[in-house]
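Contents: one structure, followed by commentary.
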Amino acid sequence: VCPGTFPNCSTAIGMTWGVRLADGYLSGVPHRLSVLPMLRTELHDIRYTDPSLLEKAWRTLSFLNVRQAFVVDRDLYMNSDPSVPREVTLIANPSSYVYPRAYFASATRAVDAAGDEQAVQDELSACDPTCDGLLHQPFAVDYVEGGQDATYDASGEPTWSGGGDRLAFDFPASPEPRFLVVNELWDPGWTALVGDQQVAVQPTNVAMRGVLVPPGASHVQLVYRSLLWWAWWYTLVAALLLAVCVFVVWKRTNANQPGTHHADSAAMVFGGYSRDTAANVG
């Protein structure tokens with residue numbers, strides 16, 4: 520909760536304080552978050568200038584694994600004392616159900632991108648069971664873009680470790696397929712590894728990631744590679760090709776120089792003369 524008197528209070532606040540932000544980026548609020556209802560989306564962040572504005576947003580925030588909010592006041596934001604602030608105002612999420620960081624879906628429904636947005640908007644705007652602006656239960660199904668209508672083994676709870684661009688999830692193996700849902704924003708740069716097998720990471724519930732886990736698996740690793748990572752490899756390959764081309768051109772240019780050609784001819788004549796002389800002497 521950032522008061523309006525500090526218009527830039529949330530800039531880089533996640534990296535500075537080590538707080539896991541909902542979007543995780545500084546370039547602006549992604550479309551997949553901006554389409555969710557009741558989020559106060561601005562150009563570069565999602566903020567609430569007053570705690571009272573949270574009352575209508577807790578349902579969506581519960582969907583995004585937000586268990587509490589903290590108020591950024593001047594003493595907290597401008598803290599010049601190296602010690603950790605002792606009095607931080609926390610606002611607990613009043614919803615009786617908050618989506619976990621990671622879980623197994625019991626059922627999925629196949630949708631396209633537009634259908635995914637509409638379905639989640641309807642779920643978060645519904646009065647179920649009451650119109651109190653809170654979340655009391657998970658969706659009956661999880662919506663997967665490019666997925667399939669299916670049911671899965673949802674028993675057990677996954678544990679996770681890591682952070683940033685590499686996450687690991689461990690869980691009991693099951694003889695049946697599982698569908699792991701990670702409550703963090705999907706991006707095309709994410710890939711999943713189940714053992715030595717690469718598995719697609721599918722957009723799920725608009726703002727989450729989904730991974731189909733085959734039977735018998737007990738570990739999933741998520742790895743993020745941005746366009747810059749691929750650009751680095753493309754640059755390296757291009758540099759190697761350019762070096763080869765320069766070397767070939769240099770060799771051809773050097774071979775066609777008059778001085779070099781004359782020296783080669785002289786060497787050939789000298790070699791022939793030597794052989795003839797040796798033959799005559801013999």
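Counting in our numbering, the sequence shown tops out at residue 801, every number present. The C-beta atom is built at its ideal place from N, Cα and C for all residues, glycine as well.
Contact check, residue i vs residue j under 8 Å by CB: the rounded distance?
i, j, result
"TYR616", "HIS655", "5 Å"
"VAL732", "LEU699", "5 Å"
"ALA736", "VAL720", "The Cβ separation is near 15 Å, so there is no contact."
Apart from the five residues on each side of it in sequence, which residues of its chain come closer than 6 Å, Cβ to Cβ, to residue i?
i, result
"MET787", "Note that MET787 scores 43 on pLDDT, short of 50, meaning its location in the model is unreliable and no value can be drawn from it."
"PRO722", "GLU664, TRP705"
"ASP689", "THR678, HIS738"
"GLY708", "TYR743, ARG744, SER745"
"VAL701", "ALA621, ARG728"
"ARG628", "VAL660, TYR662, ASP668"
"PRO694", "PRO734"
"ARG697", "PHE623, TYR671, ASP672, VAL732"
"ALA626", "VAL660, THR670"
What did DSSP end up calling residue i once you bin it into helix, strand or coil?
i, result
"PRO570", "helix"
"SER680", "strand"
"ASP635", "helix"
"THR608", "coil"
"ALA774", "helix"
"TYR802", "Summary: the structure shown does not reach residue 802, with the chain confined to residues 520 through 801, and so no result is reported for it."
"LEU741", "strand"
"ALA629", "strand"
"VAL585", "coil"
"ALA624", "coil"
"VAL732", "strand"
"TRP769", "helix"
Within a Cβ cutoff of 7 Å, which residues of the same chain sit near residue i, ignoring the five residues on either side of it in sequence?
i, result
"GLY652", "GLU574, LYS575, TRP577, ARG578"
"GLN587", "LEU609, ILE610, ALA611, ASN612"
"PHE582", "TYR618, LEU643, LEU654"
"GLN637", "none"
"PRO556", "THR579, GLN640, LEU643, SER644"
Strictly under 7 Å for the Cβ-Cβ distance: is residue i near chain C by that measure?
i, result
"THR678", "The chain labelled as chain C is not found in the depicted structure, where only one protein chain is given."
Taking buried to mean at least 16 other C-beta atoms within 10 Å of its own C-beta, is residue i buried or exposed?
i, result
"PRO658", "Note that residue 658 is Phe in the sequence shown here, rather than Pro. Buried, because 16 or more other Cβ atoms sit within 10 Å of the Cβ of PHE658."
"SER553", "exposed"
"ALA692", "exposed"
"VAL730", "buried"
"ARG685", "exposed"
"ARG593", "exposed"
"ALA774", "exposed"
"LEU741", "buried"
"ASP715", "exposed"
"ALA633", "exposed"
"VAL765", "exposed"
"GLY858", "Only positions 520 to 801 of the chain appear in this structure, which leaves residue 858 out of reach."
"GLN762", "What sits at residue 762 in the sequence shown is Ala, not Gln. Result: exposed."
"VAL607", "exposed"
"GLY681", "exposed"
"VAL630", "buried"
"ALA757", "exposed"
Leaving out five residues before and five after residue i in sequence, what residues of the same chain have Cβ atoms less than 8 Å from its Cβ?
i, result
"PRO570", "VAL520, ALA588, VAL590, ILE610"
"GLY675", "PHE623, PHE690, PRO691, SER693"
Contained beta strand (DSSP E) runs [length at least 3] in the region 645-730, N- to C-terminal order: For the region 645-730, whole beta strand (DSSP E) runs of length 3 or above, ordered along the chain, are 661-664, 678-682, 685-689, 697-701, 709-713, 716-718, 720-723.
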